[in-house]
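Q: Structure incoming, see below.
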Amino acid sequence: MKSPDVETETSPGSSASSDHMHRGERRNRSFDLNSYLADLGSVLRAQWASRCDIQIETAQDKAVARLDRPCLDAAIRDLLEDVWRAASAPQRLLLATRKTGRRVWVVITEAERDWLAPLSDGIPSGIAGPAAEDAGGPHVARLRKEAHAQLYWRDDEPGNHMAALALPLTLSLGSGVPAASEGAAAAIAARQTAKRKHRSIPPRERRT
664 MKSPDVETET
674 SPGSSASSDH
684 MHRGERRNRS
694 FDLNSYLADL
704 GSVLRAQWAS
714 RCDIQIETAQ
724 DKAVARLDRP
734 CLDAAIRDLL
744 EDVWRAASAP
754 QRLLLATRKT
764 GRRVWVVITE
774 AERDWLAPLS
784 DGIPSGIAGP
794 AAEDAGGPHV
804 ARLRKEAHAQ
814 LYWRDDEPGN
824 HMAALALPLT
834 LSLGSGVPAA
844 SEGAAAAIAA
854 RQTAKRKHRS
864 IPPRERRT
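Last residue of the sequence shown: number 871 in this note's numbering, and the count goes up by one each step with no gaps.
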């Protein structure tokens, strides 16, 4: 399925960043997904006005992730199209974020808000098992590979079609600069420890 043009990082909905996608560039940046989705949502509402009403609902807590924004734009647009078609062109879709544990969920659904209550395992209720590996299109596949995203899909009953994209949140290292992942934080800590040990060894005992 062909996705509409994706937007630039500063102007959701513009087509300039489509060149960036075709060149295969990587522009991973840390940003708040709630603010991002609010901006993107206003563009999508206008673009989809003749097809269905897109309602936007974001989580209250800040949800910072490190992602390629144009790739995420394209993935959301693809999933929006997938859900709309699978649900037989509903008049309304809900695009929402929810933060659970160390993940933030970007959900597109025709269902009501009952699913929004999180379960103890960190998965919002109403979300079924993981989608097939090839589900969601190439942009979702890239997020799965490069950002460790997970896609969930539900279509087990009429009126309850849903796509849910789980994205890992960044970690704060105490300096105000977010790390990309737990692995990145651990690697930085290991390097700092190694430097301290190196400084504590007398010069003649150090390896050249």
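Just so you know, even glycine gets a beta-carbon here, dropped at the ideal spot from N, CA and C. Since this is a predicted model, take the numbers as computed values, not measurements.
1. Would you mind working out which of Leu696, Ile717, Ala752 and Ile739 sits nearest Ala804, comparing C-alpha positions?
2. Secondary structure at His685, three-state DSSP: helix, strand or coil?
3. Give me the residue from Ala752, Gly800 and Asp695 with the minimum Cα distance to Ala726.
4. Got a sec, what are the start and stop residues for the alpha helix (DSSP H) Ala808 sits in?
5. Taking the Cβ atom as the reference point for each residue, do Thr763 and Asn697 lie within a distance shorter than 9 Å?
6. Indicate whether Glu773 and Ala750 have their beta-carbon atoms separated by less than 9 Å.
7. Classify Met822: buried if its beta carbon has 16 or more other beta carbons within 10 angstroms, exposed otherwise.
8. Just how far apart, CA to CA, sit Leu873 and Trp711?
9. Tell me which residues share the same chain as Lys860 and place their Cβ nearer than 6 Å to its Cβ, disregarding the 5 neighbours each side in the sequence.
10. Can you tell me whether DSSP reads Ser737 as helix, strand or coil?
A: This is what the structure holds:
1. Ile739
2. With a pLDDT of 44 at His685, under the threshold of 50, the modelled position of this residue cannot be trusted; read the value that follows with caution. Correct three-state label for His685: helix.
3. Asp695
4. The residue asked about is misnamed: residue 808 is Lys in this sequence, not Ala. From DSSP, the alpha helix (DSSP H) with Lys808 extends over Pro801 to Ala810.
5. no
6. yes
7. According to the sequence as given, residue 822 is Gly; it is not Met. Gly822 comes out exposed.
8. Not covered by the structure: residue 873. The range shown for the chain is 664 to 871.
9. Any reading at Lys860 must be qualified, since the residue scores a pLDDT of 49, below 50, and its modelled position is unreliable; no value is offered.
10. Position check: residue 737 holds Ala in this sequence, whereas Ser was assumed. Note: Ala737 maps to helix in three-state DSSP.
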